[in-house]
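Read top to bottom, the protein sequences are chains A and B. All the letters of the first sequence, read from the start, carry residue numbers 1 to 363 under UniProt numbering. All the letters of the second sequence, read from the start, carry residue numbers 1 to 363 under UniProt numbering.
There are 2 protein chains.
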Amino acid sequence: MVNQSIRVEESQSRKNKPDSSELVFGRSFTDHMFVMDYSSGLGWHNPSIIPYQNLSIDPAAMIFHYGQSVFEGLKAFRTQDGDIQLFRPEKNLQRLNHSNERLVIPPIDEEFGLEAIKQLVELDKEWVPDAEGTSLYIRPFIISNEPYLGVAPSGHYKFIIIMSPVGSYYKEGINPVKIAVENKYVRAVKGGTGEAKTGGNYASSLKAQEIVEKEGYSQVLWLDGLEKKYIEEVGSMNVFFKINGEVVTPALNGSILAGITRDSVLELLRHWDISVTERRVSMQELYEAHQDGTLEEAFGSGTAAVISPIGELYWDGNHLNINEGKTGELSKKIYDTITGIQYGKIKDPFNWVVKVGKKTEVK
Amino acid sequence: MVNQSIRVEESQSRKNKPDSSELVFGRSFTDHMFVMDYSSGLGWHNPSIIPYQNLSIDPAAMIFHYGQSVFEGLKAFRTQDGDIQLFRPEKNLQRLNHSNERLVIPPIDEEFGLEAIKQLVELDKEWVPDAEGTSLYIRPFIISNEPYLGVAPSGHYKFIIIMSPVGSYYKEGINPVKIAVENKYVRAVKGGTGEAKTGGNYASSLKAQEIVEKEGYSQVLWLDGLEKKYIEEVGSMNVFFKINGEVVTPALNGSILAGITRDSVLELLRHWDISVTERRVSMQELYEAHQDGTLEEAFGSGTAAVISPIGELYWDGNHLNINEGKTGELSKKIYDTITGIQYGKIKDPFNWVVKVGKKTEVK
């Protein structure tokens, strides 16, 4: 597979690029896309970069009925020198295969997948925006497309990569959000698909999200599906709390997505010799820490916003105001460091950055 | 919406129909399909019956990423008089809207949905097979198709109906299956999407299914996600047990799909004055009933197979042989009665049957 070369069919016309200052998230797409097919027997084949275009899919294709799909999200950043770099892309490809395993989708060759991302970004490199806080969002995904109405793993798949130039998640930089703790709906439970990045997890989250938005909260904080006591993750982010000088985050227990930004935060804190623990964290513990004044900071971590400080947690009638609703010092330092590395403004001691346009070994 | 008429574009060519005796499940599709669009502001619009064809969909369409989709399954039967009739179709449309509500998809007009099914079946009525045990499987489904990479309810949807002539689920009539009780993977948990007919539930089930198939079992029996003690459902069916003359089935607890065949079995048993209870049923209870000889019958219920007797349950090292691996008397009687009503061979005292080609009020 790795030795297969990617067929490239360049677009005859180029689209107008949105103005860097007016970029929103996930609404416009670049000139090209990557597509590769899978069939039982043939394996993954026919890797191609083609003009961005609609897919022609049988209405009986299994993706429309039985939801067998996985995806990833990562970004390409333009540095001040004009270089283009990816942030830990090999982690996304590893996780894609981890999701594939859970969803009974055949694995892809991770090294080849990274090569496909790099070639696609290279071809559409003019789409990597250069305004402060902007980037090119890259969305690899796999869908089942055998036309068959039977509950079984599909015999055909498509691996596709599309890309969208995106603005800073927060127009005015990093800003605290208000989060509501969800007591009724459940995102995932051990033995389910919570660890996998698959469409169904997101579809199931919409209902709770819709309700809390109406009440003025930007996202929900999910509790465990068993006892509804322990914190899992926030909307589409992992979550961290600084309590009495120590940082804690829910341990990966089988129902939490293993965020790549989460992993980067952990590495960074350890690098700085700041105490950080992955363990069970209950809402009761947070409540008590808030009451006795030791809940110092809270923040979410994810690819879209990098670090999203939490200014208020609403739980069971209690409004927990955190750090007076302001961005905490540590949250800001983590944000500045990760984005600094991503944009090549500060040194990368972790080998997180992968340059596009240069051959790079997958770690 | 109800007053909107359906635009019909007939296919210029007709496909060859598969031989009735060689029908399999969900592999061939009729000449036409129904399509209706939804956009925020416009609502559901442009209902059309068109030649069966591929969909042209943006690769950024939300269905490929965030799994917002629902579906239904029902059948049209050809009677000995040549009439075509549906089985409780209004229940499928009700459940579709119930699933829509959970998945934050705008509801459809149920009466109009039934009219669409009837018009489509009427147009493709030659596709309703007439061999013993065959039928036309009807698959209404809704997919989100706004091109947007943000986790939010889609602003555009497609409601589609496709149809497939299908053979008898069991070539040689009703036959007991071997089922393995699943102890590791979980299908659903209260607060999740288990009650909704959405792709994600089926995608998440594939892994466990794949494992037990390799061990010679045809489906898994799911336990509750909280304690892994209580029975939920079998693969894609609800499940019933006859213990010491009484029938029990797991109560609809928020994580079990409310099967229409399940409901029909309950009505039938009550009509026959056979004691039937919807309640929690633990595997331990079943095990003990098996040991003391009171576990008389077990069967699954669903649209595809109607009634599927369970001849063996494998649980935690124990092989529970039920009714000597043979189809139980009651299972057979229920199967004969429901299929008898479906094919118009016996009287329908429940008003379950809806004729195609005649105007019918939705109950």
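Even for Gly, the Cβ is constructed at its ideal location relative to N, Cα and C.
Neighbour flag for Gly192 of chain A against chain B, beta carbons, 8 angstroms: Counting from one through the first sequence, the residue named residue 192 of chain A turns up at place 192. Yes, Gly192 of chain A counts as interfacial toward chain B.
Chain A contact for Lys363 of chain B (CB, 8 angstroms cutoff): Within the second sequence, numbered from 1, the residue matching residue 363 of chain B stands at position 363. Confidence at Lys363 of chain B is low in this model, with a pLDDT of 40, below 50, so the placement of that residue should be treated as unreliable; the coordinate-derived value is given next. So no, Lys363 of chain B is outside the interface.
Beta-carbon separation (whole angstroms), Ser275 of chain A vs Glu246 of chain A, contact threshold 8 angstroms: As a position in the first sequence, residue 275 of chain A is number 275, starting the count at 1. As a position in the first sequence, residue 246 of chain A is number 246, starting the count at 1. Their Cβ separation, rounded to whole angstroms, is 4 angstroms, which keeps Ser275 of chain A and Glu246 of chain A in contact under 8 angstroms.
Val362 of chain A (DSSP reduced to helix, strand or coil): As a position in the first sequence, residue 362 of chain A is number 362, starting the count at 1. Because the pLDDT at Val362 of chain A is just 41, under 50, the model does not fix this residue reliably, and the value given afterwards should be weighed accordingly. Three-state DSSP puts Val362 of chain A in coil, outside helix and strand.
Residues in the region 24-37 of chain B having any Cβ partner in chain A nearer than 8 angstroms: Phe25, Gly26, Arg27, Phe29 and Met33
Neighbourhood of Ile143 of chain B by C-beta distance below 6 angstroms, restricted to the same chain and skipping five residues each side: Sequence index remark: in the second sequence, residue 143 of chain B carries index 143 (1-based). Correct list, in chain order: Ile63, Ser69 and Lys158.
Same chain, Cβ closer than 8 angstroms to Tyr294 of chain A, five either side skipped, listed in chain order: In the first sequence, counting from the first residue as 1, residue 294 of chain A sits at position 294. Sequence check: residue 294 of chain A is Thr here, not Tyr. So the qualifying residues of the chain are Ile243 and Asn244.
Collapsed DSSP secondary structure at Ala203 of chain A in the structure displayed: The residue you call residue 203 of chain A lines up with position 203 of the first sequence. Here Ala203 of chain A sits in helix by DSSP.
Reduced DSSP secondary structure (H/G/I, E/B, other) of Tyr66 of chain B: On the second sequence, residue 66 of chain B is found 66 positions in, with the first residue counted as 1. Note: Tyr66 of chain B maps to helix in three-state DSSP.
Contacts that Lys178 of chain B makes with chain A (C-beta to C-beta distance below 9 angstroms): Along the second sequence, read from residue 1 onward, the residue named residue 178 of chain B stands at position 178. Near Lys178 of chain B there are no residues of chain A at all, since even the closest Cβ is about 17 angstroms away, more than 9 angstroms.
Gln80 of chain A - containing alpha helix (DSSP H), residue span: Taking the first sequence and counting its residues from 1, the one referred to as residue 80 of chain A is at position 80. Premise fails: Gln80 of chain A is in no alpha helix (DSSP H) and is neither H nor E.
The alpha helix (DSSP H) enclosing Met36 of chain A, as first and last residue numbers: Here residue 36 of chain A refers to the residue found at position 36 when the first sequence is read from its first residue. No alpha helix (DSSP H) holds Met36 of chain A; the beta strand (DSSP E) holding it covers His32 to Ser39.
C-beta contact flag for Tyr137 of chain B and Ser168 of chain B at 8 angstroms: Here residue 137 of chain B refers to the residue found at position 137 of the second sequence. Here residue 168 of chain B refers to the residue found at position 168 of the second sequence. Their beta carbons are not under 8 angstroms apart, which means Tyr137 of chain B does not touch Ser168 of chain B by this criterion.
Pair within 8 angstroms by beta-carbon distance, Phe220 of chain B and Ala208 of chain B: For the purposes of this step, residue 220 of chain B is identified with residue 220 of the second sequence, where counting begins at 1. For the purposes of this step, residue 208 of chain B is identified with residue 208 of the second sequence, where counting begins at 1. The sequence shown places Val at residue 220 of chain B, rather than the Phe named in the question. Cβ atoms of Val220 of chain B and Ala208 of chain B: closer than 8 angstroms.
Any chain A beta carbon closer than 8 angstroms to Val151 of chain B: Residue mapping note: residue 151 of chain B aligns to position 151 of the second sequence, counting from 1. Chain A, which has a Cβ nearer than 8 angstroms to the Cβ of Val151 of chain B, makes this yes.
Interface residues of chain B facing Asn321 of chain A [CB-CB closer than 8 angstroms]: Your numbering for residue 321 of chain A matches position 321 in the first sequence. Near Asn321 of chain A there are no residues of chain B at all, since even the closest Cβ is about 26 angstroms away, more than 8 angstroms.
Backbone CA spacing between Ser99 of chain B and Ser308 of chain A [nearest angstrom]: Within the second sequence, the letter at position 99 stands for residue 99 of chain B. Within the first sequence, the letter at position 308 stands for residue 308 of chain A. Taking the straight line from one Cα to the other gives about 32 angstroms.
Outcome for Gln342 of chain B when other beta-carbon atoms lying within 10 angstroms are tallied against a minimum of 16: For this step, residue 342 of chain B is matched to residue 342 along the second sequence. Buried.
Min CB distance Tyr335 of chain B to chain A below 8 angstroms: In the second sequence, the residue the question calls residue 335 of chain B occupies position 335. With 8 angstroms as the cut-off, Tyr335 of chain B does not count as an interface residue toward chain A.
Asn54 of chain B: contacting residues in chain A (beta-carbon distance under 7 angstroms): As a working mapping, residue 54 of chain B is identified with position 54 in the second sequence. Near Asn54 of chain B (Cβ distances below 7 angstroms), the residues of chain A are Ser56, Ile57 and Asp58.
Continuous alpha helix (DSSP H) stretch holding Val121 of chain B: start and end: As a position in the second sequence, residue 121 of chain B is number 121, starting the count at 1. It spans Glu110 to Leu123 - the alpha helix (DSSP H) in which Val121 of chain B sits, taken as one unbroken run.
Buried versus exposed call for Asn92 of chain A [16 or more other C-beta atoms within 10 Å across all chains shown]: Reading the first sequence from its first residue, position 92 is the one you call residue 92 of chain A. Burial call: buried.
Complete runs of the beta strand (DSSP E) confined to the region 178-240 of chain A [at least 3 residues]: 219-223 and 231-234
Residue from A:Pro250, A:Leu206 and A:Gln85 whose Cα sits closest to the Cα of Leu103 of chain B: As a working mapping, residue 103 of chain B is identified with position 103 in the second sequence. Per the Cα distances, A:Leu206.
Outcome for Ser21 of chain B when other beta-carbon atoms lying within 10 angstroms are tallied against a minimum of 16: Position 21 of the second sequence, counting from 1, holds the residue named residue 21 of chain B. Flag for Ser21 of chain B reads exposed.
Inter-residue spacing [alpha-carbon to alpha-carbon] between Leu114 of chain B and Glu90 of chain B: The residue given as residue 114 of chain B occupies position 114 in the second sequence. The residue given as residue 90 of chain B occupies position 90 in the second sequence. If I take the Cα positions, the gap works out to 7 angstroms.
Proximal chain A residues relative to Ile160 of chain B, where beta-carbon distance stays under 7 angstroms: Translated into the one-based positions of the second sequence, residue 160 of chain B becomes position 160. Those within 7 angstroms of Ile160 of chain B in chain A are Pro59.
Cβ-based neighbour list, Val2 of chain A, same chain, cut-off 7 angstroms, excluding 5 preceding and 5 following: For the purposes of this step, residue 2 of chain A is taken as the residue at position 2 of the first sequence. Because the pLDDT of Val2 of chain A is 48, which lies under 50, any placement of that residue in the model is unreliable, and the number read from its coordinates should be weighed accordingly. Answer for Val2 of chain A: Asp109, Glu111 and Phe112, listed in chain order.
Near the ligand MG: Pro106 of chain A beta-carbon under 7 angstroms from a heavy atom: Absence of the ligand MG is noted for the structure shown, with no ligands found whatsoever.
Where Asn46 of chain B falls: helix, strand or coil (DSSP): Within the second sequence, numbered from 1, the residue matching residue 46 of chain B stands at position 46. Strand, per DSSP.
Nonlocal neighbours in the same chain, by C-beta distance under 8 angstroms from Lys75 of chain B, ignoring five residues either side: For this step, residue 75 of chain B is matched to residue 75 along the second sequence. Cβ within range, chain order: Leu86, Phe87, Ser135, Leu136, Tyr137, Ile138, Val166, Thr303 and Gln342.
Secondary structure, beta strand (DSSP E): runs of 3+ residues fully inside the region 239-308 of chain A: 246-250, 276-279 and 295-302
Contacts of Gly259 of chain B in chain A (Cβ-Cβ under 9 angstroms): By one-based count along the second sequence, residue 259 of chain B stands at place 259. Those do not exist, as Gly259 of chain B stays about 14 angstroms from chain A at its closest Cβ, beyond 9 angstroms.
Cutoff 8 angstroms: Gln119 of chain B Cβ touching any chain A Cβ: Looking up residue 119 of chain B in the second sequence gives position 119. Chain A contact via Cβ: absent.
Among A:Thr30, A:Ile84, A:Ser11 and A:Ala152, the one whose alpha carbon lies nearest that of residue 372 of chain A: Not covered by the structure: residue 372 of chain A. The range shown for chain A is 1 to 363.
Members of the region 127-147 of chain A near chain B, C-beta cut-off 9 angstroms: Tyr137, Arg139, Phe141, Ile143, Ser144 and Pro147
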